[in-house]
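Here the structure comes first, spelled out in structure tokens, and everything after it is commentary.
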Amino acid sequence: MNALLQKVYDFVDERIDLKTLEAKMMREPIKGGSRWAYVFGSCLLFIFIMQAVTGVLLMFYYIPSADHAYASTQFIIHEVDYGWFILSYHFWGSSAMVVMVFAHMSQVFLWGAYKTPREMTWLVGLGLFGIVMAFGFTGYLLPWDQRAYWATTVGVEIMDKTPVVGDFLARFLKGGPTPGQMTLSRFFVIHVMILPAALMGLAGLHLFLFRSAGPAGPFRGTSDELKAKTDFFFPRQVWKDIVAMAAVFLAICSLALIEPVQLLEQATPDPGDYHPEPEWYFLFLFQLLRWKVFSGEFGQFLGAIAIPGAFMLLLVALPFIDRSPERNIFKRPIALLSWAVVTIGILVLTVSAILNREFLD
Amino acid sequence: MASMQPKIKSKVRCTDGEIGEVAHVIADPLSLEVSHIVVRTNGTERQVPVSSIGAVRDDLVELLCNSSQVAGFPELKREDFLTSKEVEIPHLENRIHVEPGEVLVPFPELEKSCARRSFFTGFIYVIGVLIGLPLVWPVLRFVMKPMYAPYDNRWLKIGNVSKIKAEDVGVQFIFKKSFKDSVLEREEDKNHWVVKATPETLQKIYKNGDLSFYDEKGDVVWVNKQTVPYVAFAGKCPHLGCGYKWRSHKTRGQVFLCPCHLSIYDAAGTVLDGPAPRPLDVLPIKISATGDIEVIDVEYKAGKKEQVRLA
Chain F
1 MNALLQKVYD FVDERIDLKT LEAKMMREPI KGGSRWAYVF GSCLLFIFIM
51 QAVTGVLLMF YYIPSADHAY ASTQFIIHEV DYGWFILSYH FWGSSAMVVM
101 VFAHMSQVFL WGAYKTPREM TWLVGLGLFG IVMAFGFTGY LLPWDQRAYW
151 ATTVGVEIMD KTPVVGDFLA RFLKGGPTPG QMTLSRFFVI HVMILPAALM
201 GLAGLHLFLF RSAGPAGPFR GTSDELKAKT DFFFPRQVWK DIVAMAAVFL
251 AICSLALIEP VQLLEQATPD PGDYHPEPEW YFLFLFQLLR WKVFSGEFGQ
301 FLGAIAIPGA FMLLLVALPF IDRSPERNIF KRPIALLSWA VVTIGILVLT
351 VSAILNREFL D
Chain P
362 MASMQPKIKS KVRCTDGEIG EVAHVIADPL SLEVSHIVVR TNGTERQVPV
412 SSIGAVRDDL VELLCNSSQV AGFPELKRED FLTSKEVEIP HLENRIHVEP
462 GEVLVPFPEL EKSCARRSFF TGFIYVIGVL IGLPLVWPVL RFVMKPMYAP
512 YDNRWLKIGN VSKIKAEDVG VQFIFKKSFK DSVLEREEDK NHWVVKATPE
562 TLQKIYKNGD LSFYDEKGDV VWVNKQTVPY VAFAGKCPHL GCGYKWRSHK
612 TRGQVFLCPC HLSIYDAAGT VLDGPAPRPL DVLPIKISAT GDIEVIDVEY
662 KAGKKEQVRL A
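So the sequence lines, in the order shown, correspond to chains F and P. Residue 1 is where the first sequence starts when you use the working numbering, and the numbers rise one by one after that. Residue 362 is where the second sequence starts when you use the working numbering, and the numbers rise one by one after that.
In structure tokens:
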């Protein structure tokens, strides 16, 4: 058997130079050695692959029509063997994706890894961040339940407030003046075709840029110390990556088992007793818009478009503003403070949105 | 000669003695074999074909010819060659083991004409644009088809005033609305709120007098008379489009409250608190002799100070 495998390997190697490919993929020296801090990117790739697999499976039964989306999702949950699990895995996988994106971006930010010569990797990474959020936003319309309907209604009304293109963008996404079948069709196509293609392309580019510019390595240590600890991507880093992936897999499975997806009532323009609320990772923005300072037409533009937009622009400009070569986070007080403020801000807003629920009932 | 791997900087010896060293190796891009070695001798670099090589040893290449024959070989024109790094020739570097970058391959004759290169570049762009350009308008129209549907000015029966027991209280009317959604014949639950207004509340709602409603062309579709005490508010919150409710508030008493972003309105639809930019939207309303309520399901854009009609 081994001899046969060797023959197959040699056959392929002779034609496409497998050995060089292998060396390029696996033997990347990791400055300062493999670390647990470097597992987030690989975990994201793993989560994405699992989302793609579970997503394709869900499409075996899901019907993207306003008349049938809800019923077919119920069918997946209640009739299809392990349908509840596949759907719940996909649901919790999306949350894991958002958490992991935050961890990955934080690591890159705190390690100062966005600095020269890795600016382009950072920029493409921000594009990927946008795609992940768009995945979340387009994904939860698809079950066509109350949460889906209202989150989409509000989300699209927010986009409508974008200057100049807002009205066109909102109508384009809704596929009409008001939400309906065309909205579902468009969100479906965006969710299952456009975003996956975009993500695969950009993730490939992200990896290519990462490998071209090289990993940043630790932010401390002399070059001799770093050299002494340097190892290859394979096997030590790959080992850490796979352990982290297994942990992520277990966490998502556990969540799917403990809290399987429950649909709310079917979508309708009458909310009934339901208090509309977006997915938890959009809660901070939702809560922000409840503030008095963001009231009125201008306040709303400020809170929903200008501030998030300015924050994204700041992230885009970051490697070009912050040109100091210093990467040690303990010598970058402004960076550390900004990260803490943003993180605590998001936490506080999310928690207060959750506390507000009680006040509504 | 498949196994011939002359090394860079090997000494080169002719039949009449040593004449220099190997400066480059030239490969044939089709056969992936060494076709020439470039010998650096007396300050010139000459291309010696492999047929003139007798043997390749460690650090030494023995030629079959003498030094005056070597002087007759053509000089290397460096601009006629590329290094193996500058072109994509699969397997070349695996077949010829010399220092990478030192393997030269001939620059194809057809690639040397600059005028043609820029012509082709321009041509490629022009054809690309010619393919793409005619698609822009049809594709744009294709995706825009449902985006600007005409207003729906049908009157819909939503219930009877007998449901309303008190003045200045929000009463919800849930009704079925049938409509064509692309090819689907759909029916949706919708909801609007009707208030039987006291004269003071009516005054607040119609502070600018009777309220007119218009179609796309700006023609009046209906006028709400300020003398009619029944007022219908669209069920969509003018803040960001959620569904609001009539409920009691700790300090403000009975109000319309939107659970999304906590906008609060009084029975006249006036904003009391929260982020809403304008009062609740009044709908065209008709009350029949038997008390049946009919409305036009006018929908406005949320989040605007002014009413911008969507449907």
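Idealized CB from N, CA, C, for every residue including glycine.
Roughly how far, in whole angstroms, is the beta-carbon of F/I252 from the beta-carbon of F/W36, given that I think they are within contact range, below 8 Å?
Here the question's residue 252 of chain F lines up with position 252 in the first sequence. Here the question's residue 36 of chain F lines up with position 36 in the first sequence. Not quite, the Cβ-Cβ distance comes to about 19 Å (not below 8 Å), so this is no contact.
For P/A558, I'd like the list of residues in its chain whose CB is within less than 6 Å of its CB, leaving aside the five on either flank, ordered along the chain.
Taking the second sequence and counting its residues from 1, the one referred to as residue 558 of chain P is at position 197. The residues are P590, V592.
If you check the beta carbons only, do F/I346 and F/F284 fall under 8 Å apart?
The residue given as residue 346 of chain F occupies position 346 in the first sequence. The residue given as residue 284 of chain F occupies position 284 in the first sequence. In this structure, F/F284 lies closer than 8 Å to F/I346 by Cβ.
Could you tell me if F/P308 is buried or exposed, where buried requires 16 or more neighbouring beta carbons within 10 angstroms of its beta carbon?
As a position in the first sequence, residue 308 of chain F is number 308, starting the count at 1. Classification of F/P308: exposed, given that the 10 Å Cβ count is below 16.
Tell me the residue span of the beta strand (DSSP E) that contains F/Y281.
For the purposes of this step, residue 281 of chain F is taken as the residue at position 281 of the first sequence. It is not in any beta strand (DSSP E) - F/Y281 carries neither H nor E in the DSSP assignment.
P/I654 CB to nearest chain F CB: under 8 Å?
As a working mapping, residue 654 of chain P is identified with position 293 in the second sequence. Cβ-Cβ to chain F under 8 Å: no for P/I654.
Could you name the residues of chain F that P/D542 contacts, counting a contact when the two beta carbons are closer than 8 Å?
In the second sequence, the residue the question calls residue 542 of chain P occupies position 181. Simply A66, G180, Q181, M182.
Evaluate F/I321 with the Cβ neighbour count: other Cβ atoms within 10 Å of its Cβ, from every protein chain shown; 16 or more gives buried, anything less gives exposed.
For the purposes of this step, residue 321 of chain F is identified with residue 321 of the first sequence, where counting begins at 1. Its Cβ having fewer than 16 others within 10 Å, F/I321 is exposed.
Three or more beta-carbon pairs under 8 Å between the stretch 61 to 73 of chain F and the stretch 271 to 279 of chain F, yes or no?
no
Does any residue of chain F bring its CB to less than 8 Å from the CB of P/A363?
The residue given as residue 363 of chain P occupies position 2 in the second sequence. Unreliable positioning characterises P/A363 in this predicted model, as indicated by a pLDDT of 44, which lies under 50. A coordinate reading is not provided.
Using a Cβ cut-off of 8 Å, pull out every chain A residue sitting near P/A510, in sequence order please.
The chain labelled as chain A is not found among the protein chains of the depicted structure, namely F and P.
Select from P/A510, P/E382, P/C603, P/F442 the residue whose C-alpha is nearest the C-alpha of P/D420.
For this step, residue 420 of chain P is matched to residue 59 along the second sequence. Nearest option by C-alpha distance: P/E382.
Please report the straight-line C-alpha distance between F/I16 and P/E449, rounded to a whole angstrom.
Position 16 of the first sequence, counted from the start, is the residue given in the question as residue 16 of chain F. Position 88 of the second sequence, counted from the start, is the residue given in the question as residue 449 of chain P. Approximately 14 Å, taken between the alpha carbons.
In the DSSP assignment, find the unbroken alpha helix (DSSP H) run with F/C43 in it and report its ends.
As a first step, residue 43 of chain F is located in the first sequence; it is residue number 43 there, counting from the start. Run containing F/C43: 40 to 59, per the alpha helix (DSSP H) assignment.
In chain F, which residues lie less than 7 Å from P/A663 when you measure between Cβ atoms?
Taking the second sequence and counting its residues from 1, the one referred to as residue 663 of chain P is at position 302. In chain order: E157.
When the Cα atoms are used, what is the spatial distance from P/M362 to P/H397?
Taking the first residue of the second sequence as position 1, residue 362 of chain P is located at position 1. Taking the first residue of the second sequence as position 1, residue 397 of chain P is located at position 36. Residue confidence is low: P/M362 scores 43 on pLDDT, short of 50, so the model does not pin down where it sits. Its coordinate-derived value is still stated next. P/M362 and P/H397: Cα-Cα distance of roughly 12 Å.
Can you tell me which residues form a DSSP beta bridge with P/L443?
In the second sequence, residue 443 of chain P corresponds to position 82, counting from 1. Per DSSP, P/V466.
Can you confirm whether the stretch 367 to 381 of chain P touches the stretch 427 to 436 of chain P when touching is taken to mean that 3 or more C-beta pairs between the two stretches lie within less than 8 Å?
yes
Starting from the Cα of F/A148, find the closest Cα among F/V351, F/P276, F/I354 and give me that residue.
By 1-based counting over the first sequence, the position of residue 148 of chain F is 148. When each option's Cα is compared against that of F/A148, the closest is F/P276.
Indicate whether at least one CB of chain P lies closer than 8 Å to the CB of F/Q74.
Translated into positions along the first sequence, residue 74 of chain F becomes position 74. Taking Cβ atoms only, chain P never reaches closer than 8 Å to F/Q74, which makes this a no.
Indicate the three-state DSSP secondary structure (helix, strand or coil) for P/W607 in the structure shown.
Residue 607 of chain P sits at position 246 when you count from the first residue of the second sequence. Strand, per DSSP.
Specify the secondary structure class of F/C253 as computed by DSSP and reduced to three states.
Residue numbering aside, residue 253 of chain F sits at position 253 when the first sequence is read from its first letter. In the structure shown, F/C253 sits in a helix (DSSP, three-state: H, G or I).
Quick one: what's got a C-beta closer than 7 Å to F/G221's C-beta in the same chain, skipping five residues either side?
As a first step, residue 221 of chain F is located in the first sequence; it is residue number 221 there, counting from the start. Cβ neighbours of F/G221 beyond the five flanking positions: G32.
If you draw a straight line from the C-alpha of F/T54 to the C-alpha of P/A628, how long is it?
By 1-based counting over the first sequence, the position of residue 54 of chain F is 54. By 1-based counting over the second sequence, the position of residue 628 of chain P is 267. Taking the straight line joining both Cα atoms gives about 49 Å.
Among F/A113, F/L123, F/P260, which residue has its Cα nearest to the Cα of F/L315?
Taking the first residue of the first sequence as position 1, residue 315 of chain F is located at position 315. The shortest C-alpha separation from F/L315 is found at F/L123.
Give the DSSP bridge partners of P/L545, in chain order.
By one-based count along the second sequence, residue 545 of chain P stands at place 184. Bridge partners of P/L545: P/D542.
If contact is defined by three or more beta carbon pairs under 8 Å, each pair taking one atom from either stretch, is the stretch 82 to 100 of chain F in contact with the stretch 285 to 301 of chain F?
no
So which residues of chain F does P/I673 contact, with C-beta pairs closer than 7 Å?
No answer is possible for residue 673 of chain P: the residues shown for chain P start at 362 and end at 672.
Alpha carbon to alpha carbon, how far is F/A134 from F/C368? Give it in angstroms, no decimals.
Beyond the ends of chain F as shown, which are 1 and 361, falls residue 368 of chain F; an answer cannot be given.
Can you tell me whether DSSP reads F/I329 as helix, strand or coil?
As a first step, residue 329 of chain F must be located in the first sequence, where it is residue number 329. Under the three-state reduction of DSSP, F/I329 is assigned to helix.
Could you tell me which chain F residues have their CB closer than 9 Å to the CB of P/E660, listed as they occur along the chain?
Within the second sequence, the letter at position 299 stands for residue 660 of chain P. Chain F residues near P/E660: P177, T178.
Which whole-angstrom value describes the C-beta separation of F/T73 and F/P143, a residue pair presumed to lie in contact below a C-beta threshold of 8 Å?
Position 73 of the first sequence, counted from the first residue, corresponds to residue 73 of chain F. Position 143 of the first sequence, counted from the first residue, corresponds to residue 143 of chain F. That belief holds up - the Cβ atoms of F/T73 and F/P143 are roughly 4 Å apart, short of 8 Å.
Can you give the beta carbon distance from F/L313 to F/Q300, rounded, assuming they're within the 8 Å contact cut?
Against the first sequence, residue 313 of chain F aligns to sequence position 313. Against the first sequence, residue 300 of chain F aligns to sequence position 300. About 19 Å; that fails the 8 Å criterion.
Please compile the residues from chain P whose C-beta is within a distance smaller than 7 Å of the C-beta of F/V154.
Taking the first sequence and counting its residues from 1, the one referred to as residue 154 of chain F is at position 154. Listed by position along chain P, the residues whose Cβ is nearer than 7 Å to that of F/V154 are L601, G602, C603, C621.
Counting only Cβ pairs nearer than 7 Å, list the residues of chain F close to P/N455.
One-based indexing of the second sequence puts residue 455 of chain P at position 94. Simply D17.
Can you look up F/K240 in the DSSP assignment and give me helix, strand or coil?
Position 240 of the first sequence, counting from 1, holds the residue named residue 240 of chain F. The answer is helix: DSSP assigns F/K240 an H, G or I state.
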